[in-house]
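Protein chains in written order, with full-length UniProt numbering: chain A, 1 to 247; chain B, 1 to 247.
We put the CB at the ideal spot given by N, CA and C, even for glycine.
Scroll down for the structure; my scribbles are underneath it.
2 protein chains.
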Amino acid sequence: MNEFPYPRYSYQVQPREVDLTKKATIFTLGDCILHAAGEDADQIGFGVRELQRKNMTWVLSRMAVEVYRFPEEYERYTIGTWVGEISRLMTTRNFVVHDADDRRIAAASTCWAMIDMQSRLPLDLRENVDYNRALISEPCPVGKPLKIARVDGQLADDRRVRYSDVDFNQHTNTMKYIQWMIDTLPLERLTEGQMKRLDINFIHETRYGQQVQVYYEEGECGDRFEVRLMPEGTTACKAVFQWNKNR
Amino acid sequence: MNEFPYPRYSYQVQPREVDLTKKATIFTLGDCILHAAGEDADQIGFGVRELQRKNMTWVLSRMAVEVYRFPEEYERYTIGTWVGEISRLMTTRNFVVHDADDRRIAAASTCWAMIDMQSRLPLDLRENVDYNRALISEPCPVGKPLKIARVDGQLADDRRVRYSDVDFNQHTNTMKYIQWMIDTLPLERLTEGQMKRLDINFIHETRYGQQVQVYYEEGECGDRFEVRLMPEGTTACKAVFQWNKNR
Chain A
1 MNEFPYPRYS
11 YQVQPREVDL
21 TKKATIFTLG
31 DCILHAAGED
41 ADQIGFGVRE
51 LQRKNMTWVL
61 SRMAVEVYRF
71 PEEYERYTIG
81 TWVGEISRLM
91 TTRNFVVHDA
101 DDRRIAAAST
111 CWAMIDMQSR
121 LPLDLRENVD
131 YNRALISEPC
141 PVGKPLKIAR
151 VDGQLADDRR
161 VRYSDVDFNQ
171 HTNTMKYIQW
181 MIDTLPLERL
191 TEGQMKRLDI
201 NFIHETRYGQ
211 QVQVYYEEGE
221 CGDRFEVRLM
231 PEGTTACKAV
241 FQWNKNR
Chain B
1 MNEFPYPRYS
11 YQVQPREVDL
21 TKKATIFTLG
31 DCILHAAGED
41 ADQIGFGVRE
51 LQRKNMTWVL
61 SRMAVEVYRF
71 PEEYERYTIG
81 TWVGEISRLM
91 TTRNFVVHDA
101 DDRRIAAAST
111 CWAMIDMQSR
121 LPLDLRENVD
131 YNRALISEPC
141 PVGKPLKIAR
151 VDGQLADDRR
161 VRYSDVDFNQ
171 HTNTMKYIQW
181 MIDTLPLERL
191 TEGQMKRLDI
201 NFIHETRYGQ
211 QVQVYYEEGE
221 CGDRFEVRLM
231 PEGTTACKAV
241 FQWNKNR
């Protein structure tokens, strides 16, 4: 059944996952991409639960998502995923999203570090023979996740990290950063344009109760955002959203 | 396989659905309950898509959820659901949540009106022969959803309805009201206690861009909330959360 060289996981867009265009939101797509990553990591023996038993865990460092078409409400789609690259301190996991007719509707690439939970230091992935076996030599389906330069710009939101923002570690959920950013944009941007590429860099965790500020500036190729942890102003994450002018 | 007199739908708690206690949040459980309602309504020929073709839709008026145990991360559970009562302007849909060992971990009851999308007036459900066939005579598994009296109390949050809050109609998603309320509570309430019952009444829709205020007061049997649409102060929704003192 699977003529693809990587495993694929199945999803369906639920009513609670669409926005006012009746298509899946970018957070939904991002959530499902991270879900597929988790499922596949479990399959190859490197899931978070397995790692945590050994006092290790995965930390997401960068992510790039390219969307050609957002799936519609109730539409079924699959996410194929594989380990695409392993360097000393970082590994790449790639993703291809297909619709029911096996047309590619989105693709993504993510960079992860495996860290020791006590020291918080990254582990050398090249030394891990079992993990190296998981490598599939398929080309990366998108341009590599960008390293995003400092964002200046203006204050777009000032908020507290709330109960609904955090996971069991009291850390902000990955997709919440994107939600905070998108929520500051005018509605026309979200209904007249369609996101074609998202790059995000995760630099510093934020936790329940902390105050964060979202900064925005218009860049040459899209909207640029930075979330800063207050009162120090430490950069927590930076992102660039690129849009198609007409949907 | 199904010795239950009603259909059951399967779910699994995903990492993005847990809170800092590593158990499913009440919004996740509520979302899945509404998802099961949608699936079952589709099955009996009264799903939203089917109704909308006839210019009708469902409107949720009240909901009560009782939780005996919140499912843990990765735990699988089922939601059984059936139409329990049909009166002139309102129908009741009931829910029972079972864990993998068929132990009841939660239950719920919801009241819905079927409205004409043009006039916004409710339709007489007793006249609908096909809908009456869907009735299953099983007792309601929880005390009926309460009619909640006016909430006075103090201002707990003042916010704009954002992109991530709304569905394709630009209306606030049902579970977002509960999220707004819960996000105003101190963390200890959410980690030291466990919600045992939630009652919520939906009175007036809110839309993208509108300003809303959340009011809170401590009641005799729990936390009482009201969301008001500003600047008029129209009541949008009211809720009561009851807690177990020790988890």
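Per DSSP, K176 (chain B) is one residue of the alpha helix (DSSP H) stretching across T174 to I182.
Contact between the segment 84 to 101 of chain A and the segment 170 to 189 of chain A is absent, with fewer than three C-beta pairs closer than 8 Å. The beta carbons of Q170 (chain B) and R207 (chain B) sit closer together than 8 Å. Contacts between D31 (chain A) and chain B, judged by CB atoms closer than 7 Å, involve R16 in chain order. Residues of the same chain with a CB within less than 7 Å of the CB of D116 (chain A), apart from the 5 flanking positions on each side, are N55, M56 and L123 in chain order. Note that the C-beta distance between A106 (chain A) and V67 (chain A) is below 8 Å.
Exposure of V129 (chain A) is indicated by the presence of fewer than 16 other C-beta atoms within 10 angstroms of its C-beta.
Taking CB atoms only, I182 (chain B) has a neighbour in chain A less than 8 Å away. Under a 10 Å Cβ-count criterion, R49 (chain A) is classified as exposed, with fewer than 16 other Cβ atoms of the shown protein chains found around its own Cβ. Closest by C-alpha distance to K23 (chain A), out of A:Y77, A:L60, A:D42 and A:Q43, is A:Y77.
Where I86 (chain B) is concerned, there is no enclosing alpha helix (DSSP H), although the beta strand (DSSP E) around it starts and stops at R76 to I86. With respect to the 8 Å criterion, V161 (chain B) and Y215 (chain B) are not classified as neighbours on the basis of their beta carbons.
The three-state secondary structure of H171 (chain B), taken from DSSP, is strand. The C-beta separation of F168 (chain B) from L20 (chain A) comes to about 5 Å, placing the pair in contact by the 8 Å criterion. Counting only runs that start and end inside the segment 12 to 59 of chain A, the alpha helix (DSSP H) elements of at least 4 residues fall at 26 to 43 and 48 to 53.
The alpha-carbon of T110 (chain B) is positioned some 48 Å away from that of G143 (chain A). Taking C-alpha positions only, L29 (chain A) is separated from K245 (chain B) by approximately 38 Å. When the five nearest sequence neighbours on each side are left out, the beta carbons in the same chain lying within less than 7 Å of the beta carbon of D40 (chain A) are those of P7 and T81, in order along the chain. Inter-residue distance for F70 (chain B) and V212 (chain A) is about 30 Å (C-alpha atoms, whole angstroms). According to the DSSP secondary-structure assignment, Y9 (chain A) is paired through a beta bridge with A:I79. Within chain A, the C-beta atoms nearer than 9 Å to that of F168 (chain B) come from P15, V18, D19, L20, T21, K22, K23 and E73, in chain order. Short of 7 Å from the beta carbon of A113 (chain A), and not among the five residues preceding or following it, lie these beta carbons of its own chain, in chain order: V59, S61, L89, M90 and P122. Here K147 (chain B) is exposed, its C-beta having fewer than 16 other C-beta atoms within 10 Å. I203 (chain B) has no beta-bridge partner at all, per DSSP. Approximately 6 Å separates the beta-carbon atoms of W180 (chain B) and D157 (chain B); this is inside 8 Å, confirming the contact. Taken residue by residue, none of the segment 144 to 160 of chain B has a beta-carbon sitting less than 8 Å from a beta-carbon on chain A.
Taking a Cβ-Cβ threshold of 7 Å, the residues of chain B close to N173 (chain A) are R16, in chain order. Relative to the Cα of D165 (chain B), the nearest Cα in the group B:T234, B:Q210 and B:E192 belongs to B:Q210. A direct Cα-Cα distance of roughly 43 Å separates E72 (chain B) from C221 (chain A). Taking a beta-carbon distance threshold of 8 Å, Q179 (chain B) counts as an interface residue toward chain A. The criterion of a C-beta distance shorter than 8 Å is satisfied by C32 (chain A) and I79 (chain A).
Chain-order list of chain B residues neighbouring R162 (chain A): D183, by C-beta distance under 8 Å.
Counting along the chain, L190 (chain A) sits inside the alpha helix (DSSP H) bounded by residues L187 to E192. Contact check for I203 (chain A) against A236 (chain A) passes: the beta carbons are separated by less than 8 Å. In the three-state reduction of the DSSP assignment, Y163 (chain A) falls in the helix class, which pools H, G and I. With fewer than 16 other Cβ atoms from the protein chains shown falling within 10 Å of its own Cβ, I136 (chain A) counts as exposed.
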